[in-house]
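Participant: I am attaching a structure below and will ask some questions about it afterwards.
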Amino acid sequence: MCDAGDAELPDAEPLRPVFSRRVVLLAAGAAIGASAIGRELVAPSTSALAAGTYLRPCGNVPISSSWQGHRNRNPPSAEPGTDYAVVTGSQVRAATNGVIVDRKDSTTTATGRYLALRADDGNYIRYLHLQSSTVPLGARVSRGQVIAYSGASGFGTDTGYGPHVHVSLWIGGTPLQLGFANSVDFENYVDPSPYPPPPEDPVPLHKSTKYTWNAALPNGVWAKMPVAADSSWLAESSAAIKETGDLTIYLTATGVTSGFQIRVLAQGLDSSGNVISTSPQPVVEVKPTAQTAASSLTYGEYSLPYFLSGPLRLYAQVRALNQGIRIQQVVVKKNYWQS
Ligand SMILES: [Zn+2]
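Have a look at this one:
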């Protein structure tokens, strides 16, 4: 069926339909494909399988610009698609089963970073303006799998647009075969039914500790921060117990003229409890303020979401940037789950 001249292909102009019904859309998509790619016509029945089955990339979020809206631009979008408005860093899920056939990791050009999915049904989907992709070129992905994190990339920066995911869909061929402008409306192919509610998260545990440290800090040296009379550990996990949570450290200091720094470190242990790795997390620097000068008290704060699996523990350090700093009090609050 793929020989030239085997199929009588319509010689018409590519259709410019106003799609009011999915059936019309499917027919138009197949006709555009046929005229653009000649003999490699995919049977409409194959494409029709896609109707109403695709997943939106980020769930039921607002559409900031429709496929038709892209076409109505002056000049029309070179790659009409659907813009889903989501904050940067949102999970992007594969619409359907397929293979990652193209991936761009630079922010250059109007697309920014993107992924392309060749669906098992023969259709082709592109996800544009990503923050990052989580699947390699050639990966087989399944419907609903997280394949990327959303962004706003394009024109050489991570903020080339407002944050959104742009999804383009071509029926029965690649954009090179069909023409980038001959995409169809992805929204006409999505599963419109609401998602079932996700399982309820377990109620987190809460822990709050207050320790009166009252210690003078040596200048310019990282000092281990106690959180209780007998402990410096903020969180611990083992081979048997994982811990997920977020913690915040609140410090009260006096004598701050230049400032001080706070950081958390993750310590990896072997099966005998020996330290085999130490990885410092980002440093937060606390500067004195006008309020500091008035009250002589300076408050420091450090927050960290964490996931600990295996023999690991977290502790904090503080480093004075001037002589004479005393840390009066250490308060740690955390919400966490163990599993
Ligand atoms: Zn767009």
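Using the working numbering, read the sequence shown as starting at 796 and increasing by one per residue.
Each residue gets a CB set at the ideal place from its N, CA and C atoms; glycine is no exception.
Nearer than 7 Å: is that true of the beta carbon of S1098 relative to any heavy atom of ligand 1?
Facilitator: No, Cβ of S1098 sits at least 7 Å from all heavy atoms of ligand 1.
Participant: Any heavy atom of ligand 2 inside 7 Å of the beta-carbon of D980?
Facilitator: Absence of ligand 2 is noted for the structure shown, with ligand 1 being the only ligands found.
Participant: What is the residue span of the alpha helix (DSSP H) that P871 lies within?
Facilitator: Segment: none, P871 is in no alpha helix (DSSP H) and carries neither H nor E.
Participant: Anything with a beta carbon under 5 Å from a heavy atom of ligand 1 counts; list them all in chain order.
Facilitator: Answer in sequence order: D878, H961.
Participant: Quick check: the segment 892-909 against the segment 933-942, are at least 3 beta-carbon pairs closer than 8 Å?
Facilitator: Cβ pair count under 8 Å is three or more, so yes.
Participant: Count the other CB atoms within 10 Å of the CB of D900; is the residue buried (16 or more) or exposed (fewer)?
Facilitator: Counting Cβ neighbours within 10 Å, D900 comes out exposed, since fewer than 16 surround it.
Participant: With DSSP run on the structure shown, which of helix, strand or coil describes P839?
Facilitator: The predicted position of P839 is uncertain, since its pLDDT is 42 and thus under 50; no value can be drawn from it.
Participant: Are Y944 and S885 touching if we call contact CB-CB under 8 Å?
Facilitator: A contact, by the Cβ cut-off of 8 Å.
Participant: In chain order, what residues of the same chain lie with their CB nearer than 7 Å to the CB of R817, ignoring the 5 residues before and after it?
Facilitator: Here R817 scores only 36 on pLDDT, less than 50, and its place in the model should not be relied on; the value that follows carries that caveat. A846, N983, listed in sequence order.
Participant: In terms of residues, what are the limits of the alpha helix (DSSP H) holding P970?
Facilitator: Per DSSP, P970 belongs to the alpha helix (DSSP H) from 970-973.
Participant: Kindly indicate which three-state DSSP category E995 falls into: helix, strand or coil?
Facilitator: E995: coil per DSSP, three-state reduction.
Participant: Could you pull out every unbroken alpha helix (DSSP H) segment of at least 4 residues lying fully inside the segment 1059-1103, listed in chain order?
Facilitator: For the segment 1059-1103, whole alpha helix (DSSP H) runs of length 4 or above, ordered along the chain, are 1085-1090.
Participant: Can you tell which of A890, L925, Q1124, Y919 has the C-alpha that lies nearest to the C-alpha of T904?
Facilitator: Comparing Cα positions, the closest option is L925.
Participant: With respect to the beta strand (DSSP E) encompassing A1011, which residues constitute its N-terminal and C-terminal limits?
Facilitator: 1000-1011 is the extent of the beta strand (DSSP E) around A1011.
Participant: Answer yes or no: do L964 and I942 have a C-beta to C-beta separation smaller than 8 Å?
Facilitator: No, the Cβ-Cβ distance between L964 and I942 is not below 8 Å.
Participant: Could you tell me the distance, in whole angstroms, from the CA atom of L971 to the CA atom of P993?
Facilitator: The alpha-carbon atoms of L971 and P993 are separated by roughly 39 Å.
Participant: May I have the straight-line CA-CA distance separating A947 from C853, to the nearest angstrom?
Facilitator: Near 15 Å, if we compare the C-alpha coordinates of C853 and A947.
Participant: For the segment 1118-1128 against the segment 1009-1021, are there 3 or more C-beta pairs whose distance is under 8 Å?
Facilitator: The answer is yes - the segment 1009-1021 touches the segment 1118-1128, with three or more Cβ pairs under 8 Å.
Participant: Please name the residue or residues paired with E1038 in a DSSP beta bridge.
Facilitator: Beta-bridge pairing links E1038 to L1103, Q1133.
Participant: Leaving aside the five residues before and after L1103 along the sequence, list all residues of the same chain whose C-beta is less than 8 Å from its C-beta, in chain order.
Facilitator: Hits under 8 Å: A1030, E1031, S1032, K1037, E1038, T1039, A1061, L1109.
Participant: On a CA-only basis, which of A1111, Y919, K1019 is nearest R1058? Give me that one, please.
Facilitator: Checking every option, the nearest Cα to that of R1058 belongs to A1111.
Participant: With distances taken Cα to Cα, identify the nearest neighbour of I1044 among A1023, G1063, A1034.
Facilitator: Residue A1023 is the option with its Cα nearest to I1044.
Participant: I'd like the span of the beta strand (DSSP E) that includes H961, first residue to last.
Facilitator: From DSSP, the beta strand (DSSP E) with H961 extends over 960-965.
Participant: Sort K1128, A976, Y919 by Cα distance to P870 and report the nearest one.
Facilitator: Closest by alpha carbon: A976.
Participant: How long is the line joining the alpha carbons of S860 and V1079, rounded to whole angstroms?
Facilitator: The straight-line gap from Cα to Cα measures roughly 39 Å.
Participant: Using DSSP bridges, identify the partner residues of G893.
Facilitator: A914, V936, per the DSSP bridge assignment.
Participant: Can you tell me whether H865 is buried or exposed, with buried defined as 16 or more other CB within 10 angstroms of its CB?
Facilitator: By the neighbour-count rule (16 or more Cβ atoms within 10 Å), H865 is buried.
Participant: Label T1093 either buried or exposed according to how many other C-beta atoms from any shown protein chain fall within 10 Å of its C-beta, with 16 as the threshold for buried.
Facilitator: That one is buried.
Participant: Give me, in chain order, the residues of the same chain whose beta-carbon lies closer than 8 Å to that of A880; leave out the 5 immediate sequence neighbours on both sides.
Facilitator: The answer, listed in chain order, is V856, P857, I858, S859, G957, P958, H959.
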